[in-house]
Ligand SMILES: *Cc1c(COP(=O)(O)O)cnc(C)c1O
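Residue numbers (my numbering): 2 to 370.
So, in structure tokens, the structure goes:
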């Protein structure tokens, strides 16, 4: 049996490079608490992402949770969001004692349907939390207009959009804040890690307090913060991986194009084509949608029989998770539900072999016959 093929593979720098960079930690014994590597990575990432401010965090989830917390919304306020995302997005809203209001998504790119936003706004609405799902960029212009009109904050879950630009601008320049995940499974990783990126400098101080217990001096605690600091080993992983992220993205692109070449013309499927010319993509995910009901699960099973582990991102919808089901009222999520039942994310990473892509495509076609 061939080796197990997973949906992604963590990128790692050459072993010696990482070892060389962590060596000094045995002398300094400075392992966390905003060490020099933490400082260096914050600067390097804000430069790479082209955004004025960036606060490193221990993971992507707490980045989003704290970005929302930093806005000081009154308890019980409503936040409009997408149900077609990783569960973390909805958890971050609910754990802040806010109420998620689920909005449907668009068939074209699976992002929140901006045309349905206004219908969901009430006097309790305080924010919109859209997701650049699979690296597809939300309609940031329309969302900004609506947010301005109703005085709402916009916090983007940009976990899938690391390094992407829209009309030449770093993606984190849209909205009041954007949050990234540097989890081992993402395009760019710090083992575990994440960041909040933003343009309003005041947010930096507030996030610093939230991630470090609100401690501002040996005897001074100014805010009720938690602990979400990134450690030095992770920061060094991030500095090393940053050197290779562009090469990895180029390589991912060539793999994605091979899938598209083999499945792009098949009218039984809709494969992600990365066609929006305003976006520079990071090729983090390769979703394929089956147009006939019930086929997705058959393909999923057939691939598994061949030791290939595609993933049903994102099924079920977060609004249907056992912990949220029937708790929040929402309008029809017809599109989101249909997509969630028919989509499959295929293996995509720089080392994925061309023969494996051909094999995956023929296994898919076999199931479709
Ligand atoms: C990965 C991910 C997160 C959470 O990030 P972690 O670093 O795993 O905590 C949040 N939202 C989305 C859309 C994600 O894909």
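All C-beta atoms in this analysis are idealised placements derived from N, C-alpha and C, irrespective of residue type, glycine included.
First through last residue of the beta strand (DSSP E) which encompasses residue i
i	result
residue 164	That residue, residue 164, is in no beta strand (DSSP E); it is neither H nor E in DSSP.
residue 179	178-182
residue 279	It is not in any beta strand (DSSP E) - residue 279 carries neither H nor E in the DSSP assignment.
residue 244	Taken as a continuous stretch (DSSP letters only), residue 244 belongs to no beta strand (DSSP E), as it is neither H nor E.
residue 155	154-158
residue 271	270-272
Start and end residues, alpha helix (DSSP H) containing residue i
i	result
residue 100	That residue, residue 100, is in no alpha helix (DSSP H); its beta strand (DSSP E) goes 100-103.
residue 225	No alpha helix (DSSP H) contains residue 225, which DSSP labels as neither H nor E.
residue 26	26-29
residue 147	141-151
residue 440	Lying before the first or after the last residue shown, residue 440 is absent from the chain, which here runs from 2 to 370.
residue 367	355-369
residue 59	Run containing residue 59: none; DSSP gives neither H nor E here.
residue 94	88-95
residue 23	16-23
beta-carbon residue i near ligand 1 non-hydrogen atom, thresh 8 Å
i	result
residue 110	no
residue 134	yes
residue 234	no
residue 55	no
residue 78	no
residue 61	yes
residue 160	yes
residue 370	no
residue 193	yes
residue 86	yes
residue 183	yes
residue 179	no
residue 65	yes
residue 187	yes
residue 89	yes
Cβ-based burial, residue i [other Cβ within 10 Å; buried from 16]
i	result
residue 54	buried
residue 15	exposed
residue 116	exposed
residue 264	buried
residue 223	exposed
residue 287	buried
residue 29	exposed
residue 201	exposed
residue 324	exposed
residue 332	exposed
residue 277	exposed
residue 269	exposed
residue 242	buried
residue 120	exposed
residue 5	exposed
residue 295	exposed
residue 187	buried
residue 226	buried
Those residues which DSSP pairs with residue i across a bridge
i	result
residue 199	54
residue 288	346
residue 8	According to DSSP, which records beta bridges pairwise, residue 8 is partnered with nothing at all.
residue 82	103, 130
residue 313	Bridge partners of residue 313: none, in fact.
residue 213	228
residue 113	106
residue 171	166
residue 218	221
**Prompt:** So does the segment 200-217 actually touch the segment 228-240, counting three or more Cβ pairs closer than 8 Å?
**Reply:** In short, these stretches touch, since the Cβ pair count reaches three.
Between the segment 25-41 and the segment 99-107, can you find at least three pairs of beta-carbon atoms closer than 8 Å?
Cβ pair count under 8 Å is below three, so no.
- Message: Pairs of beta-carbons, one from the segment 130-145 and one from the segment 153-170, closer than 8 Å: are there three or more?
- Response: Yes, since at least three Cβ pairs between the segment 130-145 and the segment 153-170 fall closer than 8 Å, the two stretches touch.
Pairing CB atoms from the segment 282-296 with CB atoms from the segment 315-324, are three or more of them under 8 Å? No, the segment 282-296 does not touch the segment 315-324.
Any contact between the segment 300-313 and the segment 61-80? By contact I mean 3 or more CB pairs, one from each, below 8 Å. With the cut-off at 8 Å, the segment 300-313 and the segment 61-80 do not touch.
The segment 252-259 / the segment 57-73 touching (three or more Cβ pairs under 8 Å): By the Cβ test, the segment 252-259 is not in contact with the segment 57-73, since fewer than three Cβ pairs between them sit closer than 8 Å.
Does the structure place the segment 342-355 close enough to the segment 122-130 that three or more beta carbon pairs sit under 8 Å?
The segment 122-130 vs the segment 342-355: no contact.
Taking 8 Å as the cut-off, does the segment 169-187 touch the segment 290-305 (at least 3 CB pairs, one atom from each stretch)? A contact is defined here as three or more CB-CB pairs under 8 Å, and the segment 290-305 fails this definition with respect to the segment 169-187.
Should the segment 147-157 be called in touch with the segment 10-26, which here means at least 3 C-beta pairs below 8 Å?
-> With the cut-off at 8 Å, the segment 147-157 and the segment 10-26 do not touch.
Under 8 Å, with one C-beta from each stretch per pair, do the segment 87-98 and the segment 43-51 reach the 3-pair mark? Pairwise C-beta distances place the segment 87-98 out of contact with the segment 43-51, as fewer than three of them are shorter than 8 Å.
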